[in-house]
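K.L.:
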Ligand SMILES: C[S@@+](CC[C@H](N)C(=O)[O-])C[C@H]1O[C@@H](n2cnc3c(N)ncnc32)[C@H](O)[C@@H]1O
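In the numbering used here, the protein residues as written are 1 to 218.
Okay, structure coming up:
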């Protein structure tokens, strides 16, 4: 699915989020902090935005953008050809890195797509160095408040419609809605971080509570 939407992925992101998505990625980079020339992995890098923002903020860092979709990696390479970022095919369930390898691991919109969240969190924990930071950006089920019916309508009909019009792939974007509504609440995800061993766990919501950034430390 990610291979097939790679070409229209960035445009869809900008439109769906009313141009807010880069702001959340910048917040991810801020939370990850300066690796002081160490190694940083942007897992599920897709077309490479978080990796590129990290490298722009902290040029001394060695940044690796990892993803299991070759078409996404090809887009990332094309978009950021001039940046010194290593793009590597990898699966979040079996990270091809030794223990304690990274100062920070970031990922945007990964966890909602994996079968086994605790396993991926354990892998990230394994490859992080002591004191290393994990930062995760993802959609999250909105809270039931006055705005809930409008948010739900946008998720249920607006996003698949945009998917049809812009990416010619209604199913992929209906999947986004379904996987968001079925995903961990922000509170539950924070607890899962704690169970994986992370400390100093926190999170912040964006976009009327439909997006959350979680962080923690090994
Ligand atoms: C919605 S895109 C997000 C891309 C990017 N992080 C961003 O901020 O836009 C999700 C990415 O996760 C990748 N992905 C999903 N499951 C994965 C896994 N098990 N291992 C590695 N990458 C995975 C997909 O190939 C896709 O590029």
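Using N, Cα and C, we set each Cβ at its ideal position, and we do this for glycine too.
To which residues of the same chain is residue 106 closer than 6 Å at the C-beta, ignoring the five residues directly before and after it?
P.N.:
Against the chain shown, residue 106 aligns to sequence position 106. So the qualifying residues of the chain are 28, 32, 42, 50, 135.
K.L.:
Go ahead and label residue 193 buried or exposed: buried means 16 or more other beta carbons lie within 10 angstroms of its beta carbon, across all protein chains shown.
P.N.:
Within the chain shown, numbered from 1, the residue matching residue 193 stands at position 193. Buried, since its Cβ has 16 or more Cβ neighbours within 10 Å.
K.L.:
If you drop the 5 nearest sequence neighbours on each side, which residues of the same chain put their C-beta closer than 6 Å to that of residue 34?
P.N.:
Residue mapping note: residue 34 aligns to position 34 of the chain shown, counting from 1. Excluding positions up to five away in sequence, the list reads 58.
K.L.:
Should residue 148 go down as buried or exposed, given a rule of 16 or more other Cβ atoms within 10 Å for buried?
P.N.:
Position 148 of the chain shown, counted from the start, is the residue given in the question as residue 148. The residue is exposed, with fewer than 16 neighbouring Cβ atoms inside 10 Å.
K.L.:
Taking residue 127 and residue 155 to be in contact with their CB atoms under 8 Å, please state how far apart those CB atoms are, rounded to whole angstroms.
P.N.:
Reading the chain shown from its first residue, position 127 is the one you call residue 127. Reading the chain shown from its first residue, position 155 is the one you call residue 155. So it is not a contact: roughly 33 Å between Cβ atoms.
K.L.:
Buried or exposed, going by whether 16 or more other CB atoms sit within 10 Å of the CB of residue 118?
P.N.:
In the chain shown, the residue the question calls residue 118 occupies position 118. It counts as exposed.
K.L.:
Using only the heavy atoms of ligand 1, determine whether one of them is closer than 7 Å to the beta carbon of residue 109.
P.N.:
Sequence index remark: in the chain shown, residue 109 carries index 109 (1-based). Yes, the beta carbon of residue 109 sits closer than 7 Å to at least one heavy atom of ligand 1.
K.L.:
Around the Cβ of residue 66, are there at least 16 other Cβ atoms within 10 angstroms (buried) or fewer (exposed)?
P.N.:
For this step, residue 66 is matched to residue 66 along the chain shown. By the 10 Å Cβ count, residue 66 comes out buried.
K.L.:
Quick test of your reading: residue 72 and residue 47, contact by CB under 8 Å. State the CB separation rounded to the nearest angstrom.
P.N.:
The sequence position of residue 72 within the chain shown is 72, counting from 1. The sequence position of residue 47 within the chain shown is 47, counting from 1. Yes, residue 72 and residue 47 are in contact; Cβ-Cβ is about 6 Å, under 8 Å.
K.L.:
Grab the span of the beta strand (DSSP E) containing residue 130 for me, first residue to last.
P.N.:
To locate residue 130, count along the chain shown from 1; it is residue 130. Taken as a continuous stretch (DSSP letters only), the beta strand (DSSP E) holding residue 130 covers 128 to 139.
K.L.:
Between residue 92 and residue 137, what straight-line distance do the alpha-carbon atoms span, to the nearest angstrom?
P.N.:
Translated into the one-based positions of the chain shown, residue 92 becomes position 92. Translated into the one-based positions of the chain shown, residue 137 becomes position 137. Roughly 15 Å between the two C-alpha positions.
K.L.:
Is the Cβ-Cβ distance between residue 12 and residue 163 less than 8 Å?
P.N.:
Taking the chain shown and counting its residues from 1, the one referred to as residue 12 is at position 12. Taking the chain shown and counting its residues from 1, the one referred to as residue 163 is at position 163. Against a cut-off of 8 Å, the Cβ pair of residue 163 and residue 12 comes out as a contact.
K.L.:
Considering residue 218, what are the terminal residues of the beta strand (DSSP E) in which it resides?
P.N.:
Counting from one through the chain shown, the residue named residue 218 turns up at place 218. Segment: none, residue 218 is in no beta strand (DSSP E) and carries neither H nor E.
K.L.:
Could you have a look at residue 185 and say whether DSSP puts it in helix, strand or coil?
P.N.:
Taking the chain shown and counting its residues from 1, one reaches residue 185 at position 185. It is coil, neither helix nor strand.
K.L.:
Provide the residue(s) that pair with residue 39 in DSSP beta bridges, ordered along the chain.
P.N.:
Here residue 39 refers to the residue found at position 39 of the chain shown. Residue 39 pairs with 62.
K.L.:
May I ask which residues mark the beginning and end of the beta strand (DSSP E) holding residue 86?
P.N.:
Locating residue 86 in the chain shown gives position 86, where the first residue counts as 1. That run of the beta strand (DSSP E) goes 85 to 89.
K.L.:
Measure how close the beta-carbons of residue 103 and residue 38 come, nearest whole angstrom, since I'm counting them as under 8 Å.
P.N.:
Sequence index remark: in the chain shown, residue 103 carries index 103 (1-based). Sequence index remark: in the chain shown, residue 38 carries index 38 (1-based). Contact holds; Cβ gap of about 4 Å.
K.L.:
With DSSP as the reference, label residue 68 as helix, strand or coil.
P.N.:
The sequence position of residue 68 within the chain shown is 68, counting from 1. Correct three-state label for residue 68: coil.
K.L.:
Report yes if the C-beta of residue 114 is less than 7 Å from at least one heavy atom of ligand 1; otherwise report no.
P.N.:
As a position in the chain shown, residue 114 is number 114, starting the count at 1. Yes.
K.L.:
Less than 7 Å between C-beta atoms, sequence neighbours within five positions excluded: which residues of the same chain meet that for residue 207?
P.N.:
Taking the first residue of the chain shown as position 1, residue 207 is located at position 207. Closer than 7 Å at Cβ, skipping near neighbours: 17, 20.
K.L.:
Is residue 114 helix, strand or coil by DSSP?
P.N.:
Taking the first residue of the chain shown as position 1, residue 114 is located at position 114. Three-state DSSP puts residue 114 in coil, outside helix and strand.
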